[in-house]
Amino acid sequence: MVKRNKLFYLGVLCVLPVLAGCRIDFTAESVVRDDGSLERLTMLRAQDDADKEEVLARYELPAGGGWVESRLTVVDPSTGQPSEKTVPTYSVKRVIPPANFPASDFKRYTEARDKAAANQIQVKVKDLWLVKWFTYEEQFKDVIDRDHLSEMINQVLDRALNQYRLQLNQNIPDTALLDRIVVLLKAKYQPSFDRMAQLIKEKRLASLEMESVIGQLGNDFTDEATYQLIISNIPEFDNPANRELATKAFQATETVLSSEMEPLKESIFGIHGIGMFQKYTFKIQVKMPGEILKTNATERKDDILLWQFDGGNLEQTVFAQSRKVYPLKIILLFGILGLAVVILQKGKGTHA
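In our numbering, the protein residues as written are 2 to 353.
Laid out in structure tokens, this is it:
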């Protein structure tokens with residue numbers, strides 16, 4: 002029974018086979034230049050050779066880079082002691098000219114390679130000669146189909162319950178009884194599926210509430226729990242033959258859940274899966290010219306802005322705005338104005 006519960010858990014999430022043991026870190030260090038170009042170092046760091054294969058299979062790597070070995074500090078879970086290991090890292094450093102925006106250096110495809118999550122980098126400059134305003138924006142977009150989430154998730158539940166009914170119908174011809182059973186099960190589990198869809202729409206995929214909803218659904222949706230729900234509302238259903246039939250129906254339902262969720266998992270949960278399991282981290286570092294006016298950075302160290310998030314919260318907009326005043330130009334301007342005043346005064350003196 003516990004095993005079947007776990008199977009359901011895997012069937013609904015459909016992410017553990019892909020994510021188990023995987024960790025890929027995306028790091029970007031950027032410097033916005035005075036001319037509006039962007040100096041950028043991008044790194045995709047894998048934990049091991051298996052993760053490197055995932056990078057090669059699922060990512061479109063930015064051109065001009067190569068694989069290097071880098072040192073990574075890890076903590077041994079058994080001893081709690083830090084240690085260093087060598088890991089494969091794809092690294093590329095380039096300068097993006099002002100004319101080449103928007104630019105991108107992160108692109109992860111779905112398993113079917115029909116869609117991709119990606120970033121889009123934009124640098125804008127407003128030049129008034131004496132002062133320049135710089136705006137940096139980097140958007141990360143997932144492949145989640147938010148407009149159709151409820152519809153997709155409800156289809157999964159409806160097809161699973163239909164399978165449960167079909168399995169019972171092999172030995173129970175009473176359609177009215179089968180209708181009552183399906184209504185009971187749908188009323189029990191529909192709120193959890195609805196809440197999942199709502200949390201994903203609200204971009205709270207990696208929230209504690211999402212973990213709680215999925216965890217509770219995994220605990221509630223078991224062979225024993227579904228049978229107890231049925232017989233507590235329909236006592237006449239309780240007999241050894243129906244108990245055995247219900248077990249077979251539950252097993253068939255789990256199979257349908259897995260098969261229905263598999264092609265939809267990236268559209269529903271995002272390209273990295275459930276936040277409680279994924280280990281995909283993002284670290285964006287930006288240095289802006291002049292004085293920082295506005296930013297949504299999570300950290301700031303002197304003139305360095307830092308954003309950190311994970312694949313469960315992939316949909317992000319990184320934003321910063323700064324202003325740079327050019328003192329030499331101001332001095333030059335006042336010098337020119339002063340010279341003009343002197344010339345005008347001399348001109349007036351000559352005419353007088």
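A virtual CB, placed ideally from N, CA and C, is assigned to each residue, including glycine.
Separation of residue j from residue i, as counted between CA atoms
i, j, result
"G173", "Y190", "The sequence shown places Ile at residue 173, rather than the Gly named in the question. Using only the alpha carbons, I get a separation of about 23 Å."
"P328", "Q123", "27 Å"
"V56", "E263", "21 Å"
"A253", "A242", "17 Å"
"W308", "V183", "47 Å"
"P236", "L230", "10 Å"
"D148", "Y165", "28 Å"
"D175", "A198", "34 Å"
"P83", "V69", "22 Å"
"D159", "N234", "21 Å"
"L206", "L338", "60 Å"
"T256", "K127", "58 Å"
"Q140", "T299", "15 Å"
"E316", "K142", "5 Å"
"D244", "I215", "Note that residue 244 is Arg in the sequence shown here, rather than Asp. Each residue's alpha carbon lies about 26 Å from the other."
"N170", "L258", "19 Å"
"W130", "E292", "16 Å"
"R24", "D52", "7 Å"
"K202", "T227", "28 Å"
"G22", "K280", "Only weak support is given to the placement of G22: the predicted model assigns it a pLDDT of 48, under 50, and the question is left unresolved by the model."
"D146", "A113", "15 Å"
"S71", "L333", "48 Å"
"K249", "D239", "15 Å"
"N314", "N297", "15 Å"
"I344", "W134", "34 Å"
"F251", "S151", "23 Å"
"L179", "L45", "53 Å"
"G81", "F310", "24 Å"
For residue j and residue i, believed in contact at Cβ under 8 Å, the rounded distance
i, j, result
"H273", "G219", "In fact, because the Cβ distance is near 20 Å, the residues do not count as touching under 8 Å."
"P89", "A47", "5 Å"
"V319", "E40", "That pair is no contact at about 16 Å."
"K284", "T87", "Not a contact, Cβ separation roughly 20 Å."
"S38", "P99", "6 Å"
"D26", "T282", "5 Å"
"I75", "K288", "In the sequence as presented, Ile is not what sits at residue 75; that position holds Val. Contact flag wrong, Cβ pair sits at about 28 Å."
"D35", "P290", "6 Å"
DSSP three-state assignment for residue i, whether helix, strand or coil
i, result
"N240", "coil"
"V183", "helix"
"V144", "coil"
"R95", "strand"
"A253", "helix"
"F135", "strand"
"E1", "Not covered by the structure: residue 1. The range shown for the chain is 2 to 353."
"K127", "strand"
"S105", "coil"
"S208", "coil"
"D175", "coil"
"I201", "helix"
"R24", "coil"
"T90", "strand"
"F270", "helix"
"F320", "strand"
"I122", "strand"
"V19", "Residue placement at V19 cannot be trusted, given a pLDDT of 41 that sits under 50; what the coordinates show is reported in the next sentence. Here V19 sits in helix by DSSP."
Neighbourhood of residue i by C-beta, 8 Å cutoff - its chain only, sequence neighbours within 5 removed
i, result
"V371", "Outside the modelled stretch of the chain, which goes from 2 to 353, sits residue 371, for which no answer is possible."
"V132", "R324, K325, V326 and Y327"
"L200", "L206, S208, E210, M211 and V214"
"R301", "I293 and L307"
"L246", "Q168, L169, Q171, N172 and I173"
"I305", "Q286, V287 and K288"
Cβ-based neighbour list, residue i, same chain, cut-off 7 Å, excluding 5 preceding and 5 following
i, result
"R109", "R59, Y60, A117, A118 and I272"
"P63", "T43, V93 and D106"
"L294", "Q322, S323 and R324"
"L185", "L230, I231 and N234"
"I154", "F194, M197, A198 and I269"
"R181", "I235"
"L162", "V183, L186 and K187"
Sequence-distant residues of its chain with Cβ nearer than 6 Å to residue i (five each side left out)
i, result
"G66", "Y91, S92 and V93"
"D221", "none"
"A104", "I97 and I122"
"L265", "M153"
"E261", "V157 and R160"
"K347", "none"
"E1", "Because the chain here runs from 2 to 353, residue 1 falls outside it and cannot be looked at."
"K204", "E316"
Residue i at chain B interface by Cβ criterion, 8 Å
i, result
"V287", "Among the protein chains of the structure shown there is no chain B, as only one such chain exists."
Check: residue i C-beta below 7 Å from any heavy atom of the ligand MN
i, result
"E263", "The model on display carries no ligand, and the ligand MN is accordingly not part of it."
> Could you give the uninterrupted runs of the alpha helix (DSSP H) lying entirely in the stretch 273-315, keeping only those of 4 residues or more?
Replying inline: Fully contained in the stretch 273-315 is no alpha helix (DSSP H) run of length 4 or more.
> In the stretch 28-81, which residue ranges form an unbroken alpha helix (DSSP H) of at least 4 residues, counting only runs that do not cross its ends?
Replying inline: Segments of the alpha helix (DSSP H) lying fully in the stretch 28-81: 50-59.
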